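Remarks on the structure that follows.
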Amino acid sequence: MRERIALMIKADMGLFHSKKSLAATVSFLVCLMFVPVYGSSYVLDVVNRIGIAVIAALGLNILTGFTGLISLGNAAFMAIGAYSASWLAMRTGINFIFCIPVAGIITAALGMVVGIPSLRLRGLYLAMATLAAHFIVEFLAVHWESVTGGVAGLTISSPTVAGFALDSDRTVYYLIIPTAILSVLFVSNIFRTRVGRAFIAIRDQEMSAAVMGIDVFKYKLISFALSSFFAGVAGALMACQTRIITPENFPISIAIDSLAMIIIGGLCSVIGTIFGAVFLTALPEFLRLATTALAGSFPELIGKLASLKELVFGLLVILFLIFEPHGISAIWQRTKNRF
Amino acid sequence: MALSLNTQLSCHDIRLTFGGVTALDGVSFEVMDGEIFAIIGPNGAGKSSMLNCISGLYRPQQGEIKFDGLTIRDLPPHQRAKRGIARSFQNIALFRELSVIDNIMTGRHLSQRAGVISGGLFWGWAKCDEEHHRAVVEEIIESLGLQDIRRCAVGSLPYGRQKRVELARALAMEPRLLLLDEPMAGMNAAERDDMVGFILEANCRRKITVVMIEHDMGMVMDISDTVCVLDFGKRIALGSPEQIMNDPHVIKAYLGEDDGFF
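Taken in sequence, the protein lines are chains G and B.
Residues 1 to 339 (my numbering) make up the first sequence, in order.
Residues 1 to 262 (my numbering) make up the second sequence, in order.
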């Protein structure tokens, strides 16, 4: 009896609930290893951007999906990560690779400061406070020229790992994708332990979470810190990929994209975050390819197709919200249950 | 019942007002270690407000609340939980999206130690810690007969089951004082009997002091050691069930003229 329960506990606690899902994950990871071998530079660029989007959206999902704190500050946190990593690498000459986690920690600390109003504010009011943080960061990025380089921005020399320069989409891939995989693993683990449960408890029933002994304010700040850590890392990786960062890299639309990713992918779902990031990063590319192909057969439409792309994008998002409010992760769950 | 003579909880002259409305007006009582203490009274008498003052959700304007001889008046709820106070709510306050297991696991929050980094790395001691506490929760699940629904999301369960999960979650905290706000409201007879059994077991076997609000008079008189009667925020009677049943104030103020109620 006791052994049976122990076995059941072990099975419940595993990341994979069946051998099939383990096998699927492993084969997916193996496929990822071959992307740089066969993929074109264009494909690699898109995949790299997906990797960065996964990390950033994962951060936002911790805060918004799991802890229930709506934030519009994700782009600001990405900017803080990007600027602090670049500044550190330029000033101290430390290898950019090591600046990435440091940038994450700096962003986490600043994220906690932004999180302080969450003690009193919730819902849309908190969203407004984080929006203010966004515009403060944007202002500083333009005007604090000694650190950010102002409108001209900062140029980063390619980081090197053991003599190899990460100077192309193919090589940066080996930095971005493993970081994304480790981030996904880390966050999945968090939600197997008491910290993750505390986040969800605060979202579902703040009062009863407090009565269970959860220090609500402390855990809200931890959620902000963790969330901005990942956003900061994503920003630093973005700096690494584009190698030039300006205030224009981090408009409010980036924050809204992150929000759209977790809503379409599935709030409160790690796998959904991945789907959402893939969907929203790949969709514009797909639409672009489609409109280019159509432009061949309908040349008179060529001027209108660009705006048509935006229209289709918005329409798809709306349809998703109407017909699958729980996001892609719900579809995924149903498909999985069928096998 | 494991009644001793040590005072565990003492509330002295508690006064709580919301704007112009006085919810509690100088209420005092003492709860002994290991007893079952019932608070009864008509709707709006201030029973739930009293529990909220004890668990820290409301802060009374006046009065003193002591737990184990130390004042807890100014502590936030999570600090009181740390001292050993657990509770359930009148309108079930479970974490709806979490499974039964995870809801009860939140009761282990204070006993667990994993932080962000050890939790994120997971393998190693965070995993052992998690396994250990899952085993404790598994025992509670078994003793409250929740095995068949352990993986269900709590929001999808029927009312009676949710009440039971809420008790399980509070018991997982291994509290010394358990505050129950109408644990049997809206239950059918069989569910009530089960719930009485669980409360008595918590009290006898786990040695937990129970303070409960309940409208089921038969049950209150059966299992309580002491009964406190509130009416319009004032304590109108305090004593053993026998004393309460014969108290003229209670019969008049709480039961109206109908003295054949019990």
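Backbone N, C-alpha and C define an ideal beta-carbon position, used for all residues, glycine too.
Here the structure is a predicted model, which means the values were calculated and not measured.
Mind pulling the chain B residues with CB within less than 9 Å of residue i?
{"i": "arginine 192 (chain G)", "result": "Gly119, Phe122, Ala126, Lys127, Glu130"}
Decide if residue i is buried, meaning its Cβ has at least 16 other Cβ atoms within 10 Å, or exposed.
{"i": "proline 248 (chain B)", "result": "exposed"}
{"i": "phenylalanine 16 (chain G)", "result": "exposed"}
{"i": "glutamate 166 (chain B)", "result": "buried"}
{"i": "alanine 190 (chain B)", "result": "exposed"}
{"i": "glutamate 214 (chain B)", "result": "buried"}
{"i": "methionine 212 (chain G)", "result": "buried"}
{"i": "asparagine 188 (chain B)", "result": "exposed"}
{"i": "lysine 127 (chain B)", "result": "buried"}
{"i": "leucine 148 (chain B)", "result": "Inspection of the sequence shows that residue 148 (chain B) is occupied by aspartate rather than by leucine. Label assigned to aspartate 148 (chain B): exposed."}
{"i": "glutamine 162 (chain B)", "result": "buried"}
{"i": "serine 223 (chain G)", "result": "buried"}
{"i": "alanine 11 (chain G)", "result": "exposed"}
{"i": "lysine 47 (chain B)", "result": "buried"}
{"i": "lysine 220 (chain G)", "result": "buried"}
{"i": "aspartate 167 (chain G)", "result": "exposed"}
{"i": "tryptophan 87 (chain G)", "result": "buried"}
{"i": "arginine 80 (chain B)", "result": "buried"}
{"i": "alanine 235 (chain B)", "result": "Note that residue 235 (chain B) is arginine in the sequence shown, not alanine. That one is buried."}
{"i": "tyrosine 173 (chain G)", "result": "buried"}
Between residue i and chain G, is any beta-carbon pair separated by less than 8 Å?
{"i": "phenylalanine 18 (chain B)", "result": "no"}
{"i": "methionine 245 (chain B)", "result": "no"}
{"i": "serine 49 (chain B)", "result": "no"}
{"i": "glutamate 64 (chain B)", "result": "no"}
{"i": "glutamate 182 (chain B)", "result": "no"}
{"i": "phenylalanine 271 (chain B)", "result": "A query on residue 271 (chain B) cannot be resolved here, the shown segment of chain B reaching from 1 to 262 and no further."}
{"i": "lysine 82 (chain B)", "result": "yes"}
{"i": "serine 143 (chain B)", "result": "no"}
{"i": "arginine 164 (chain B)", "result": "no"}
{"i": "methionine 1 (chain B)", "result": "Residue placement at methionine 1 (chain B) is flagged as unreliable, the pLDDT there being 47, under the threshold of 50; the coordinate-derived value follows with that caveat. Cβ-Cβ to chain G under 8 Å: no for methionine 1 (chain B)."}
{"i": "proline 77 (chain B)", "result": "yes"}
{"i": "leucine 134 (chain B)", "result": "First, the amino acid is wrong: residue 134 (chain B) is arginine here, not leucine. Yes, contact with chain G."}
{"i": "leucine 9 (chain B)", "result": "no"}
{"i": "leucine 110 (chain B)", "result": "yes"}
{"i": "leucine 178 (chain B)", "result": "no"}
Using the C-alpha atoms, what's the distance from residue j back to residue i?
{"i": "threonine 67 (chain G)", "j": "glycine 73 (chain G)", "result": "15 Å"}
{"i": "proline 340 (chain G)", "j": "proline 299 (chain G)", "result": "Outside the modelled stretch of chain G, which goes from 1 to 339, sits residue 340 (chain G), for which no answer is possible."}
{"i": "threonine 335 (chain G)", "j": "alanine 23 (chain G)", "result": "16 Å"}
{"i": "glycine 39 (chain G)", "j": "serine 188 (chain G)", "result": "29 Å"}
{"i": "glycine 65 (chain G)", "j": "glutamate 285 (chain G)", "result": "26 Å"}
{"i": "valine 268 (chain B)", "j": "alanine 201 (chain G)", "result": "Since the displayed chain B opens at 1 and closes at 262, residue 268 (chain B) lies outside it and no answer follows."}
{"i": "aspartate 193 (chain B)", "j": "glycine 218 (chain B)", "result": "12 Å"}
{"i": "proline 76 (chain B)", "j": "arginine 59 (chain B)", "result": "9 Å"}
{"i": "threonine 273 (chain G)", "j": "threonine 226 (chain B)", "result": "54 Å"}
{"i": "alanine 185 (chain B)", "j": "cysteine 31 (chain G)", "result": "56 Å"}
{"i": "alanine 93 (chain B)", "j": "valine 184 (chain G)", "result": "31 Å"}
{"i": "phenylalanine 37 (chain B)", "j": "phenylalanine 95 (chain B)", "result": "28 Å"}
{"i": "valine 220 (chain B)", "j": "glutamate 139 (chain B)", "result": "28 Å"}
{"i": "arginine 91 (chain G)", "j": "phenylalanine 323 (chain G)", "result": "51 Å"}
{"i": "lysine 19 (chain G)", "j": "phenylalanine 28 (chain G)", "result": "14 Å"}
{"i": "isoleucine 14 (chain B)", "j": "methionine 207 (chain G)", "result": "22 Å"}
{"i": "leucine 200 (chain B)", "j": "leucine 316 (chain G)", "result": "57 Å"}
{"i": "alanine 162 (chain G)", "j": "alanine 53 (chain G)", "result": "27 Å"}
{"i": "leucine 171 (chain B)", "j": "arginine 170 (chain G)", "result": "55 Å"}
Could you tell me whether any Cβ in chain B is nearer than 8 Å to the Cβ of residue i?
{"i": "serine 146 (chain G)", "result": "no"}
{"i": "leucine 226 (chain G)", "result": "yes"}
{"i": "asparagine 48 (chain G)", "result": "no"}
Out of the options, point me to the one whose CA is closest to residue i's CA.
{"i": "threonine 179 (chain G)", "options": "G:Met33, G:Ile55, G:Leu44, G:Phe313", "result": "G:Ile55"}
{"i": "threonine 155 (chain G)", "options": "G:Arg120, G:Gly115, G:Cys240", "result": "G:Cys240"}
{"i": "isoleucine 141 (chain B)", "options": "B:Ser111, B:Lys127, B:Ile101, B:Pro158", "result": "B:Ile101"}
{"i": "glutamate 174 (chain B)", "options": "B:Gly160, B:Leu16, B:Ser48, B:Arg108", "result": "B:Arg108"}
{"i": "isoleucine 190 (chain G)", "options": "B:Trp123, B:Thr7, B:Gln90", "result": "B:Trp123"}
{"i": "alanine 260 (chain G)", "options": "G:Gly232, G:Leu321, G:Met238, G:Gln205", "result": "G:Leu321"}
{"i": "isoleucine 105 (chain G)", "options": "G:Ile176, G:Ala85, G:Leu283", "result": "G:Ala85"}
{"i": "leucine 57 (chain B)", "options": "B:Leu238, B:Lys66, B:Arg87, B:Ala45", "result": "B:Arg87"}
Using a cut-off of 7 Å between C-beta atoms, extract the partners of residue i located in chain B.
{"i": "alanine 201 (chain G)", "result": "Phe95, Thr106"}
{"i": "alanine 11 (chain G)", "result": "Here the premise fails: no neighbours, minimum Cβ distance about 11 Å."}
Output, in chain order, the set of chain D residues within a Cβ distance shorter than 7 Å of residue i.
{"i": "isoleucine 222 (chain G)", "result": "This model lacks chain D altogether; the protein chains it does include are G and B."}
What does residue i reach in chain B if we use C-beta pairs closer than 8 Å?
{"i": "alanine 57 (chain G)", "result": "Within chain B, no residue comes near alanine 57 (chain G); the closest Cβ sits about 17 Å away, beyond 8 Å."}
{"i": "glycine 68 (chain G)", "result": "Those do not exist, as glycine 68 (chain G) stays about 10 Å from chain B at its closest Cβ, beyond 8 Å."}
{"i": "serine 258 (chain G)", "result": "By Cβ distance, chain B contributes nothing, its closest Cβ being about 21 Å from serine 258 (chain G), past 8 Å."}
If the cut is a Cβ gap below 7 Å, which residues of chain G does residue i touch?
{"i": "aspartate 102 (chain B)", "result": "Arg197"}
{"i": "glutamate 242 (chain B)", "result": "Residues of chain G passing the Cβ test: none, with the nearest at roughly 33 Å."}
What does residue i reach in chain G if we use C-beta pairs closer than 9 Å?
{"i": "glutamine 147 (chain B)", "result": "Those do not exist, as glutamine 147 (chain B) stays about 10 Å from chain G at its closest Cβ, beyond 9 Å."}
Just to make sure I have the definition right: I need the residues of chain G whose C-beta is within less than 8 Å of the C-beta of residue i. Which are they?
{"i": "methionine 32 (chain B)", "result": "Residues of chain G passing the Cβ test: none, with the nearest at roughly 23 Å."}
{"i": "serine 55 (chain B)", "result": "Val211"}
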